[in-house]
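J.: Okay, here's the structure, questions in a sec.
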Amino acid sequence: MNLPGNKDIQRLLDEEKSLRSRRQFLMSAAGVAGMGALGSFGFSLNSLAAAATLSGSALPTDYKALVCFFMFGGNDNGNTLIPSDQTTYNSYVMGREGSLTRPLGITRLREELLPLVTPSMTDGRQVGLPPEMSRLKALYDQGKVAILPNVGVLAHPTTRTQYQSKTIELPPQLFSHSDQQRFWQLGVPNYTTLTGWAGRMGDLLAAANTSAAVSMCVSLNGNNAWQVGNSVLPYPINSETGAAEFWSFWNSTRRNAMNALNADPRTGNMLERQASRVYNRAVSAQDLMRTSLAAGMNFDDLFTGVPGDIDPGLVEDYMEVQENFKMIARMVDSRDRLGHKRQIYFVGLGGFDDHDSLADHGDRLRIVSDHMAAFYAATVRMGIQDKVVTFTASDFGRTLKSNGSGSDHGWGSHHFAMGGSVLGGDLYGSFPSLDIAGPNSVEAQGQLLPSTSVDEYAATLAKWYGVSSSDIPLVIPNIGRFARPDLGFLPPV
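Quick look at the structure:
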């Protein structure tokens, strides 16, 4: 791609300024749907200005990537990290309404749990994982996975008394899927913020990349708030070809005509020129991605199809997540060809809104476990396992008590961070009391009051990723309200 000269840059920046208010309106009105091409296909005019602003800063020269695995619907914490000592297990069974019958699916049998060694738990309590998470458990035993218990969206550190007396600000619309998903991704529980905390990291660090032809924020799950910045936007791709195929159904005559129409982005009116630039960047990004992926490693043997004993209704989900993580591995392998020193990936799995039954929840956790482990193996093959951190997120947790067949919307939940740099093999944070009347339960159904904020979780990841301590508040604006800006599951930078 031929970069414009200084006069061209100034002219384009002036035009970009006149379009900015329109773009901001469209982004807020449409939730940034459809806007990925404008900011992600290639060189962003705002990025040039940002790079100039940051030219005096020490930008990273090494490679690092973050991968967010979002469990849409609200993962059931009580079915994920489970007490295994007899006393706490009895409390767990009582909280989940006392049933040990497997068809109900709401209580796990103690003898089937995979026990975890947890050095930080010194109060005699013990925990385990469900058997479907055996591959992630093996990585935990190797010190490559850390567990973050009882994480959730908070506006301030909050006690049960403050919650019940309504004497402290709470996140708006608690227990609402759309609101809590958005607040998780924004890193700020309000309706005025338009950028996500990954996007804000991208704004600070994108200049470390030698090319912006393909955005550093790549999504295998469509547009999302998490990766939206001021100068970077999520670049949605698919698991088959990467960038969308522009010409799969057009003949060469039409392609040549379109290329000719957009060959000179300096002609036409302002909107026509902008459309031509977007078109040309999109085509360039597609071509670069195609050639970069074609030159890369093969990971098919690490993602080996669907286990025969998985729920037949989840076969399609299993395959979709498998192909998505395989594509992320291929994109990471293409990092040098893409000119990337920093990358951020977003991938998701739905179906965690288990009001009716938890019968398939174990197999959904298996999808999470199997593909996080397979992806870790891919990073080992590339020799960059200490340069990539994969972590989980979800709308919220779920109630301790059963609604009769499943569980309802909760608040705090348990999460996993995985990578060669992760100081794994332990819990970082407090495993909650499972007493419905205890200090961690704020409603009659046993919604857990988070003891670790998303702010603290995100700030720890951002610091490892290369955001300086002084810039952490730019990424996580409310971090000063919380006591632990670094949870300790990643090494000091």
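Residues in the sequence shown are numbered from 25 upward in steps of one, following my numbering. Yeah, the Cβ is synthetic: ideal placement off N, Cα and C, and Gly gets one too.
Can you tell me where the beta strand (DSSP E) holding HIS379 begins and where it ends?
T.: Per DSSP, HIS379 belongs to no beta strand (DSSP E) and is neither H nor E.
J.: Select from VAL238, ARG206, LEU218, GLY449 the residue whose C-alpha is nearest the C-alpha of MET145.
T.: When only C-alpha atoms are compared, the closest one is GLY449.
J.: Are THR416 and PHE440 closer than 9 Å when you measure CB to CB?
T.: yes
J.: In the stretch 202-267, which residue ranges form an unbroken alpha helix (DSSP H) of at least 4 residues, counting only runs that do not cross its ends?
T.: 221-229
J.: In the structure shown, what three-state DSSP assignment does LEU362 receive?
T.: helix
J.: Here's a check: name, in chain order, each residue in its chain whose Cβ is nearer than 8 Å to the Cβ of LEU485, leaving out the five neighbours to either side.
T.: LEU90, VAL413, PHE415, ALA441, LEU514
J.: Assuming MET355 is part of the alpha helix (DSSP H), what are its boundary residues?
T.: For MET355, the uninterrupted alpha helix (DSSP H) segment begins and ends at 339-357.
J.: Considering only residues of the same chain and omitting the five flanking positions on each side of ASP495, which have a CB-CB separation below 8 Å?
T.: LEU228
J.: With a cut-off of 8 Å on the beta carbons, I'd call THR131 and VAL151 a contact; round off their distance for me.
T.: Actually they are not in contact, since the Cβ atoms of THR131 and VAL151 sit about 15 Å apart, beyond 8 Å.
J.: Could you say if the stretch 90-106 and the stretch 416-433 meet the contact criterion of at least three C-beta pairs nearer than 8 Å?
T.: yes
J.: What's the call for LYS190, buried or exposed, on a 16-neighbour Cβ count within 10 Å?
T.: exposed
J.: Below 8 Å, can you find three or more Cβ-Cβ pairs linking the stretch 368-387 to the stretch 305-325?
T.: no
J.: Kindly confirm or deny that the stretch 154-170 and the stretch 459-473 touch, where touching means at least three C-beta pairs closer than 8 Å.
T.: no
J.: With a threshold of 16 other CB atoms inside 10 Å of the CB of ILE500, please say whether the residue is buried or exposed.
T.: By the neighbour-count rule (16 or more Cβ atoms within 10 Å), ILE500 is buried.
J.: Taking DSSP as the reference, what is the three-state secondary structure of HIS385?
T.: The answer is helix: DSSP assigns HIS385 an H, G or I state.
J.: On the DSSP letters alone, give me the boundaries of the beta strand (DSSP E) that ASN174 sits inside.
T.: 169-176 is the span of the beta strand (DSSP E), which, as asked, contains ASN174.
J.: Quick check on TYR452: does DSSP put it in helix, strand or coil?
T.: coil
J.: At what residues does the alpha helix (DSSP H) containing GLY148 begin and finish?
T.: Element bounds for GLY148: n/a, residue is neither H nor E.
J.: If we count Cβ pairs, one from each stretch, closer than 8 Å, do we get three or more for the stretch 354-371 versus the stretch 231-239?
T.: Touching, yes, given that three or more Cβ pairs across the two stretches are closer than 8 Å.
J.: Whose C-beta lies closer than 6 Å to the C-beta of LEU153 among residues of the same chain, with five residues either side of it excluded?
T.: The beta carbon of LEU153 is closer than 6 Å to those of LEU138, LYS161 in its chain, skipping five residues each way along the sequence.
J.: Put ILE391 into one of helix, strand or coil per three-state DSSP.
T.: Three-state DSSP puts ILE391 in a helix.
J.: Touch check for the stretch 278-297 and the stretch 254-262: three-plus C-beta pairs under 8 Å?
T.: no
J.: Classify THR476 as helix, strand or coil using the three-state DSSP reduction.
T.: strand
J.: Smallest Cα separation from ILE460: which of ALA468, MET396, GLY453?
T.: Nearest C-alpha to ILE460: ALA468.
J.: Using 10 angstroms around the beta-carbon of ASN245, count the other beta-carbons present and answer buried if the total reaches 16, otherwise exposed.
T.: The residue in question, ASN245, is buried, as its Cβ has 16 or more Cβ neighbours within 10 Å.
J.: In terms of residues, what are the limits of the alpha helix (DSSP H) holding ASP165?
T.: 158-165
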